[in-house]
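According to this note's numbering, the stretch in the sequence shown is residues 16 to 90, in order. Heads up, the beta-carbon is just placed ideally off N, CA and C, and yes, glycines get one too.
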Amino acid sequence: MKFVIVIVIVIVIVIVIVIVIVIVIVIVIVIVIVIVIVINFFNFIELGLLEELSLFLLVFIITRYLSEYNMFSDK
């Protein structure tokens, strides 16, 4: 009986350790991804590409809105 209890305890400990390791790995991966995104974001700002991108998006949204407005006014 004691042998079975020891085996169960060892299995539970191993499972807990594996779960903790997986959680730590996932957290590290998420942190690395966030750091890479932040660095790329700042690089975009330095290159001025972000401003061009936001300007492009603004123009796109305005033209889309105007075209929809014109479609409604035609009907």
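Taking the C-alpha atoms as reference points, what is the distance between residue i and residue j?
i   : j   : result
L73 : S82 : 14 Å
I54 : V21 : 49 Å
I76 : L68 : 12 Å
Skipping 5 residues on each side, what residues in its chain have a beta carbon closer than 7 Å to that of residue i?
i   : result
V45 : none
- Query: Which runs of the alpha helix (DSSP H), 4 residues or longer, sit entirely within the segment 16 to 83?
  - Reply: 17 to 62
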